[in-house]
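K.L.:
In order, the protein sequence lines correspond to chains Y and L. Residue numbering for the first sequence follows the numbering used here, starting at 37 and increasing by one per position. Residue numbering for the second sequence follows the numbering used here, starting at 826 and increasing by one per position.
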Amino acid sequence: MNLVLKIWRQSGPSDSGRMVKYHVKDVSPDMSFLEMLDVLNERLILEGDDPVAFDHDCREGICGMCGMVINGVAHGEQVATTTCQLHMRHFEDGATITIEPWRAAPFPVVKDLVVDRSAFDRIIQAGGFVSVPAGSAPDAHSIPVRKEDADSAFDAATCIGCGACVAACPNGSASLFTAAKITHLSLLPQGQPERLSRAKAMVEQMDAEGFGGCTNTGECTAVCPKGIPLDTIAQMNSDYLKAAK
Amino acid sequence: MNYIEGPEIRDTKAPEGPIEERWEKRKFSAKLVNPANKRKLDVIVVGTGLAGGSAAATLGELGYNVKSFCYQDTPRRAHSIAAQGGINAAKNYRGDGDSIHRLFYDTVKGGDFRARESNVYRLAQVSVNIIDQAVAQGVPFAREYGGLLDTRSFGGAQVSRTFYARGQTGQQLLLGAYQALERQIAAGTVTMHTRHEMLDLIVDDGRARGVIVRDMVTGEIERHLADAVVLATGGYGNVFFLSTNAKGCNTTAIWRAHERGAYFANPCYTQIHPTCIPVSGEYQSKLTLMSESLRNDGRVWVPLAAGDSRAPGDIPEEERDYYLERIYPAFGNLVPRDIASRAAKNVCDEGRGVGPGGLGVYLDFRDAISRLGKDAVEKKYGNLFEMYERITGENPYDVPMRIYPAVHYTMGGLWVDYDLQSTIPGLFVIGEANFSDHGANRLGASALMQGLADGYFVLPTTLGDYLAAGPFGEVSEQAVAEAEIKVRTKIDRLMSVNGTRTPDSFHRELGKLMWDYCGMERTEESLRKALERIPELREEFWNNVKVSGGPEELNQVLEKAGRVADFFDLAELMCLDALVRTESCGGHFRAESQDADGEALRDDASFAHVSAWEHTASGEPVLHKEPLEYEYVKMSQRSYK
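1. Report yes or no: is there a C-beta of chain L within less than 7 Å of the C-beta of residue 78 (chain Y)?
2. Determine, for residue 275 (chain Y), whether the minimum Cβ-Cβ distance to residues of chain L falls below 7 Å.
3. For a contact meaning CB atoms closer than 8 Å, what does residue 1007 (chain L) contact in chain Y?
4. Taking 7 Å as the threshold (beta carbon to beta carbon), is residue 1113 (chain L) in contact with chain Y?
5. Just the chain L side, please: which residues come within less than 9 Å of residue 193 (chain Y) by C-beta, in chain order?
6. Would you say residue 173 (chain Y) faces chain L, with C-beta separation under 7 Å as the test?
7. Within a Cβ cutoff of 7 Å, which residues of the same chain sit near residue 1329 (chain L), ignoring the five residues on either side of it in sequence?
8. Applying a beta-carbon distance threshold of less than 7 Å, which residues of chain Y neighbour residue 1253 (chain L)?
9. Using Cβ-Cβ distances below 7 Å, what residues of the region 1350-1382 of chain L are close to chain Y?
10. Between residue 955 (chain L) and residue 914 (chain L), how many whole angstroms is the CB-CB distance? I'm expecting something under 8 Å.
11. Please report the distance separating the alpha-carbon of residue 1459 (chain L) from that of residue 1379 (chain L).
12. Any idea what DSSP makes of residue 110 (chain Y), helix, strand or coil?
13. Expressed to the nearest angstrom, what Euclidean distance is found between the alpha-carbon atoms of residue 1457 (chain L) and residue 926 (chain L)?
14. Taking DSSP's pairing of strands, which residues face residue 43 (chain Y) in a bridge?
15. Does the distance from the C-beta atom of residue 1006 (chain L) to that of residue 900 (chain L) stay below 7 Å?
16. Cβ of residue 1412 (chain L) within 7 Å of Cβ of residue 1266 (chain L)?
17. By alpha-carbon positions, which one of L:1032, L:1159, L:1069 and L:991 ends up nearest to residue 1109 (chain L)?
18. Would you call residue 1153 (chain L) buried or exposed, if buried means 16 or more other Cβ atoms sit within 10 Å of its Cβ?
19. In chain order, what residues of the same chain lie with their CB nearer than 8 Å to the CB of residue 168 (chain Y), ignoring the 5 residues before and after it?
20. Identify which residue in Y:51, Y:269, Y:252 and Y:241 has its Cα closest to the Cα of residue 161 (chain Y).
21. What in chain L is Cβ-close to residue 189 (chain Y), meaning under 9 Å?
22. So the candidates are Y:281, Y:203 and Y:267; which of them puts its Cα closest to the Cα of residue 152 (chain Y)?
23. Quick one: grab the DSSP three-state call for residue 1410 (chain L).
24. Alpha helix (DSSP H) containing residue 239 (chain Y): first to last residue?
25. Going straight from the alpha carbon of residue 52 (chain Y) to that of residue 198 (chain Y), what length do you get?
26. Within the chosen definition, does the region 1257-1264 of chain L reach the region 971-989 of chain L through at least 3 CB pairs nearer than 8 Å?
27. So, is the C-beta of residue 218 (chain Y) closer than 7 Å to a C-beta in chain L?
28. Specify the secondary structure class of residue 869 (chain L) as computed by DSSP and reduced to three states.
29. Please classify residue 1000 (chain L) as buried or exposed, where buried requires at least 16 other C-beta atoms within 10 Å of its C-beta.
30. Below 8 Å on the Cβ atoms is my guess for residue 1159 (chain L) versus residue 1125 (chain L); work out the distance and round it to an integer in Å.
31. Below 8 Å on the Cβ atoms is my guess for residue 1373 (chain L) versus residue 84 (chain Y); work out the distance and round it to an integer in Å.
32. Please go through the same chain and pick out, in chain order, the residues whose beta-carbon is closer than 6 Å to the beta-carbon of residue 1290 (chain L), but skip the five residues on each side of it.
33. How would you list, in chain order, the residues of chain L whose beta-carbon sits under 8 Å from the beta-carbon of residue 124 (chain Y)?
34. Mind pulling the chain Y residues with CB within less than 7 Å of residue 969 (chain L)?
35. Fully enclosed by the region 1301-1328 of chain L, which beta strand (DSSP E) runs are 3 residues long or longer?
36. With a Cβ-Cβ cutoff of 7 Å, do residue 973 (chain L) and residue 988 (chain L) count as a contact?
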């Protein structure tokens, strides 16, 4: 396959950035999207150009480090798929592909396609945990958990923190990310003692970081590589309202 | 490459007495630090995976002043997150005959009698606390309808002791540790430095006192000082270029500590995982594992006849060879990883491999689907099947998966004593970065167990014993400046070559060489060839590598070049270690040492020891042997037949 790539290049936070066009030839349909960019970068290095900076690590869809807006869609059009798991067989020969970073004020661009998502860590710091120091836990079987609850908690807990939900949201909201953690812990008996204070603190931190509000557009769950359900946001709002009373 | 043999290591600091009491004894004899003093003690933890994340969180909870470092943009990305299958623990919730002693026995045997009994016993003891801790944190393990935890079986065991969270156990356990860590960051006991890479260890007056790191965003070289340093930087499987490790995993932190005096133990012990998606082309950047848990229900086979190119569905039952079930009737598809991998290599060498290039075997769910129904199979393995389809474009509900072995884990690592302290006082090494518990082969679902055992339970006790003598006072400017200059010199050198090949192209070539000559099967001839070729390639690297951009900016090419440079040096030591160990054991298979059935043949008379390598200025390493004694598990030739 031969492709035309239009890639966002930005040397640093103070640069205004621009789209730059590249031609890549002989792309194999079995390549992953990032492997296709590897090939471009190898060429750019040898030509003495600056290769395109992008975040990636596990390349198996679980670490959450990679993420690009591909043809206007966070992680590309393939459903429930991270950028690293997207393969070139889903593109047409001769296609033009636009590649941009996550765009949201709380995710400033570091360089090219690399953004700073540390706001997510600060939301977790505000309360996304159960306070249980190592060594203090009772036997694991002392508290049975209904299988349905454990399964639903797991579904929410699979969030990989990639930030696609924010990139896709017209409001730049981090509601799906925040709600996933609140829901995971709210559904389990272990999460009950801190349930309301957690929801309040995390929602307040999310707002303080400058993320927008949720207007139930649902773009977040549509692009989420793990399919975190939209109703987690209802759970978050319910816990938050109880806490705010 | 020549080496010198040095004095044996006789004392590993393990307490004497009955094995069940040793860890209790050590906990009681370990000195305590009073709470007011803990605040005055600084600890650096490098790496935020299961070991480093849990250690930093726990040390913070105890009141130490912790600085944590990771190269990713957040600690939650560490590669422990990719572990799929599960975590072992001797809970015996099934009543199927499991016990601490049995987990200990299985691990020592699975490691082919090349691990320390004392350490492994402690690991089995602590395993039960890990599950309690994780559940209390809200880790959503799989449960049964009665509300109790579900378990499954894994390779190398005949009991069901593996706890799991669908195919994402590593993710859920890591998020538990990450959340505990973030809680301490909020509490102010831990300061987090993301996008920072450790480039050297500061040793002053014989003690590890800090690290030199590079801020990967600005390129700034920073110095961080402490009373103790903990390395939790994972394994070095990426020396092979293609592995199941994350792209960023590297050996730099442990290698540079090795250059500062920490012994490197058993570098040649590499785990080749039997169930990975085969390579599909030359551009391949990594390999993806398919959880070993799939072997619970999937059946491994190849065509009976070499060169049979029919589609799998067209090959009748009697013309299939379910070779694991045939050769190993007792364990069948659940033999340990080293055995399953070599068996796959053997059938492919016979020309019976399937898929492009004949480097693959089938993992077939046809029988499981007809026995359990498609829904039940989907519930158990749905996410793994999806992942397979996403990568290969094939649907494993209709056609069998194709799998092939790939580098997955390194049992070798920095040498540590029973307290997890390296040969440099004040430098502790935990998780995959150390060598201690898995011998020559790690059992499935034991990596998560070891990482968390080290981080939550073992290190916080033993580190306290060391720190009780602290704080250790000012660090000499000379020691810090020397390390900083060394780092800057290396970066300047990499930037100034300005050659014609990228760091990745060298890494690919080195990896291929290691896979061919120091991979699943090793011979004296292949290892000698590698030892001849590696220095030549390294020479070319230092004369012809091209690093674009500048040192004082986000520069992923420079990061890569520094890591590849260290992989060359490590690769050489791995091949030397593999050459010296003329026996076969676990993941280390020397073709010259096999029995009549082609199984690995150990040589206990000559090799029942840990090989701990000391770095010297002359470049000629010194080999220190730590003899291994087995009081509780009788050494025997492993048999899974």
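We put the CB at the ideal spot given by N, CA and C, even for glycine.
P.N.:
For this structure:
1. yes
2. no
3. 157, 160, 161, 164 and 165
4. yes
5. 963, 964, 965, 990, 993, 996, 997 and 1000
6. yes
7. 1385
8. Going along chain Y, no residue has its Cβ under 7 Å from residue 1253 (chain L), so there is no contact; the nearest lies around 16 Å.
9. 1371, 1373, 1374, 1379, 1381 and 1382
10. 6 Å
11. 54 Å
12. strand
13. 10 Å
14. Y:56 and Y:135
15. yes
16. yes
17. L:1069
18. buried
19. 226
20. Y:241
21. 963 and 965
22. Y:203
23. strand
24. 231-244
25. 24 Å
26. no
27. no
28. strand
29. buried
30. In fact, because the Cβ distance is near 10 Å, the residues do not count as touching under 8 Å.
31. 6 Å
32. 855 and 856
33. Here the premise fails: no neighbours, minimum Cβ distance about 10 Å.
34. 183
35. none
36. no
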